[in-house]
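Chemist:
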Amino acid sequence: MTKTAQLFKKIRQDFYLAAILIFLYAPIATMIVLSFNSSKSRTRWGGFTISWYTQMFSSRNIMEALYNTLIIAFLSALAATLIGTAAAIGINRMRRIPQGIVMGITNIPMLNADIVTGISMMLAFIAFGISLGFQTILIAHITFNIPYVILSVMPKLKQTSRSTFEAAMDLGASPLQAFFRVIFPDILPGVLSGFLLAFTMSLDDFIITHFTRGAGINTLSTLIYSEVRRGIKPSMYALSTVIFITVLVLLLISNFAPKKQRRSS
Amino acid sequence: MNKKLLAGPYLIWMAGFIIIPLALIVYYGLTDPPGAFTLANVASISAPEHLKALFLSLGLSLISTVICLLLAYPLAMILRSRGVGDASFIVFIFILPMWMNFLLRTLAWQTLLEKNGVINGILSFLCLPSQSLINTPGAIILGMVYNFLPFMVLPIYNVLCKIDDNTINAARDLGANFHQTFFRIWLPLSVPGIISGVTMVFVPALTTFVISNLLGGSKILLIGNVIEQEFTKGSNWHLGSGLSLVLMVFILLSMALIARYDKNGEGSGF
């Protein structure tokens, strides 16, 4: 390929990337701008204000929902990571046919529609006599999070060769030692990404929470849904901005911290 | 130590919270309120208003899936070609919106599309006639594409990254042009990614009630809205479960399709 053709190709690619970026970020940018707009109109700039932010932070509803969202995301991701990682190791050692069946079941909550998963769990909680509330949201989130952990740990497990584990055993390590010194470091990236994925899925979930929450408890998603249906308030834009910035900072840290470690080691 | 036992807690958990709940949906879907067996709930899908909602859902989600695939594939190819060092940051930028709350993303489009929204504001500033953008099927498709695009990009990108550069170079050395390389190398090797991307977009799009509620107004009912209303407003759980069963048939069909293609994909890929 000639140099001009290559340059032309690169420009075309950059143009495509830019177009998609605009599509992805224009709505978010709009919300950030509107969150500082003192006019409630969406088309007129009434001057800079941070009153929507103070309004948001002083709203007990929003703060409670935020707390619920974070605590459920953390607890469900943690529980799902523990159960899921153990399960992945167990499943990896199964024979072909039981493994196929278990992985099929694992795929159900991922492939099934959230609305069906949500409704089915609601019916089950009512049938089991568990009252709908914080605990049912947590159980539901753990349930749909485990498969994500399994599916991110599984490929790493498949990559670890069994002989390194056996070598460690031959050299006198106990099975637990061999696991934590040999296998675990290899699958750790999968475990961590599984945890992060589970955490995000939980943060982002609306549909399953919508069906499994009882009256009186809200996560951010369910709160936003009920607020938006009553008409958009600018404090929702402030909330979006705060969430966006938080996610951005967290992801930047998590994306660039491991690199430093690698360089120093 | 038997490592298989480590899967025990998981199996118990899944039995309690996946298998039994699904069995309950089947039970509710096939019984009437007193508890006698009936097919009426499932058959009610043929009622005109339900059938209309189902076909609309199928149509809109198919269109959205195709648009997502057409947008995501070139994007994934470009991202892959941008080298490893840079790429992690570029990829990061493209999946960042996925980490935003789903409802806030939809809210953003509502803000843009509304009657006195941002786009109409810009149009009137340019002295152009205002458009009715919201509460149309187009707005729903836009919302679906926007929300689910990263779910298409990620699996395709991951699969493309696994393709060995040598395979592509070999094809080039053997005289294949871009067209041939694409259809003989790229596409067959990326089938597993495409399939998982398609399901990750199609299933949520088919069953959504949030996007249609926020961007389609109350007039456009998708099958998801019909089911949701049975459980929250109508409180006819039996009818809602019956319709969910119909929906599950479509999901099972797509799962069967995936199982078939995934095998082929693995067979040719490895």
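Taken in order, these protein sequences are the chains called A and B. Going by the working numbering, the first residue of the first sequence is number 1, and it counts up by one from there. Going by the working numbering, the first residue of the second sequence is number 266, and it counts up by one from there. Note that the Cβ used here is the ideal one computed from N, Cα and C, for glycine as well. Keep in mind it's a predicted model, so treat the numbers as computed, not measured.
1) Give the interface partners of B:V475 over in chain A, defined as CB-CB distance under 8 Å, in chain order.
2) Note down, in chain order, each residue of its chain lying with its Cβ closer than 7 Å to the Cβ of B:P402, except the 5 sequence neighbours on either side.
3) Taking DSSP's pairing of strands, which residues face A:N341 in a bridge?
4) From A:L171, A:G190, A:L132, A:A127, pick the residue whose C-alpha is nearest to that of A:K158; which is it?
5) Determine the direct distance from the alpha carbon of B:F302 to that of B:K317, and round the result to whole angstroms.
6) At the level of alpha carbons, what is the spacing between B:L518 and A:T43?
7) Indicate whether at least one CB of chain A lies closer than 8 Å to the CB of B:Q396.
8) How would you list, in chain order, the residues of chain A whose beta-carbon sits under 7 Å from the beta-carbon of B:K268?
9) At a cut-off of 7 Å, is A:L138 close to the ligand PLP when judged by its beta-carbon and the heavy atoms of the ligand?
10) Name the DSSP bridge partner or partners of A:F134?
11) Anything in chain A within Cβ reach of B:T472, meaning under 8 Å, just list it in chain order.
12) Between which residues of its own chain and A:N68 is the CB-CB distance below 6 Å, once the five residues before and five after are set aside?
13) Report yes if the CB atom of A:I89 is closer than 8 Å to the CB atom of B:L271, and no otherwise.
14) Where does the unbroken alpha helix (DSSP H) through B:Q396 begin, and where does it stop?
15) At 4 residues or longer, and completely inside the region 171–239 of chain A: list those alpha helix (DSSP H) runs for me, N to C.
16) Where does B:T296 sit, in a helix, a strand or coil, going by DSSP?
17) By the three-class DSSP mapping on this structure, what secondary structure does A:S265 have?
18) Which of the three DSSP states is assigned to B:F282 in this structure?
19) Taking 6 Å as the limit between beta carbons, can you name the residues of its chain near B:S329, skipping five residues before and five after?
20) Give me, in chain order, the residues of the same chain whose beta-carbon lies closer than 8 Å to that of A:M236; leave out the 5 immediate sequence neighbours on both sides.
21) Can you round the beta-carbon distance between B:P362 and A:I62 to whole angstroms, since I take them to be within the 8 Å contact cut?
22) Provide the residue span of the alpha helix (DSSP H) that contains B:W231, from first to last.
23) Around the C-beta of B:E314, are 16 or more other C-beta atoms found within 10 angstroms, so that it is buried, or is it exposed?
24) Please give me, in chain order, every unbroken run of the alpha helix (DSSP H) with length at least 4 that falls completely inside the region 69–118 of chain A.
25) Does the region 101–115 of chain A come within contact of the region 466–480 of chain B, defined as at least 3 CB pairs closer than 8 Å?
26) According to DSSP, simplified to helix, strand and coil, what is B:F474?
27) Are the C-beta atoms of B:P299 and some chain A residue less than 8 Å apart?
28) Should A:T30 be flagged as near chain B, meaning a C-beta pair shorter than 8 Å?
29) Would you mind working out which of B:R525, B:T497, B:G507 sits nearest B:I290, comparing C-alpha positions?
30) Within the 8 Å Cβ cut-off, does B:S509 reach chain A?
31) Could you work out which residues of chain B lie near A:T143, taking near to mean beta carbons separated by less than 8 Å?
32) Between B:N385 and B:L391, what straight-line distance do the alpha-carbon atoms span, to the nearest angstrom?
33) State the Cα-Cα distance for the pair B:F443 and A:V182, rounded to the nearest angstrom.
34) Please report the straight-line C-alpha distance between A:Y148 and A:G194, rounded to a whole angstrom.
35) Listing by chain order, which chain B residues have their CB less than 8 Å from the CB of A:R96?
Modeler: In short, the structure shows the following:
1) F206, I207, Y225
2) Non-local C-beta neighbours of B:P402 in its own chain, meaning closer than 7 Å and more than five positions away in sequence, comprise L325, I485, ordered along the chain.
3) Chain A is shown from 1 up to 265; residue 341 of chain A falls before or after that span and cannot be answered.
4) A:G190
5) 26 Å
6) Approximately 46 Å between the Cα atoms of the pair.
7) no
8) I89, G90, R93
9) No copy of the ligand PLP occurs in the structure displayed, which carries no ligand at all.
10) None, per the DSSP bridge assignment.
11) At a C-beta separation below 8 Å, B:T472 has these neighbours in chain A: A113, D114, I115, V116.
12) T219
13) yes
14) B:Q396 -> no alpha helix (DSSP H), and no H or E assigned at all.
15) 175–178, 184–204, 207–212, 220–229
16) strand
17) Reliability fails at A:S265, whose pLDDT of 34 lies under 50, so the model's placement of it is uncertain and no value is given.
18) Assignment of B:F282 by DSSP, reduced to helix, strand and coil, places it in the helix class.
19) I406, M409, V410, A470
20) I224, E227, V228
21) Between A:I62 and B:P362 the Cβ distance is about 22 Å, and since that is not below 8 Å, they are no contact.
22) With chain B represented from 266 up to 535, any question about residue 231 of chain B goes unanswered, as that position is not in the structure.
23) exposed
24) 96–111
25) yes
26) DSSP, read as helix, strand or coil, puts B:F474 in coil.
27) no
28) The beta-carbon of A:T30 is placed less than 8 Å from the nearest beta-carbon of chain B.
29) B:G507
30) Output row for B:S509: interface = yes.
31) W278, M279, F282, I283
32) C-alpha of B:N385 to C-alpha of B:L391: approximately 10 Å in a straight line.
33) Going from the Cα of B:F443 to the Cα of A:V182 covers about 43 Å.
34) 6 Å
35) Correct list: empty, because the minimum Cβ distance to chain B is about 13 Å.
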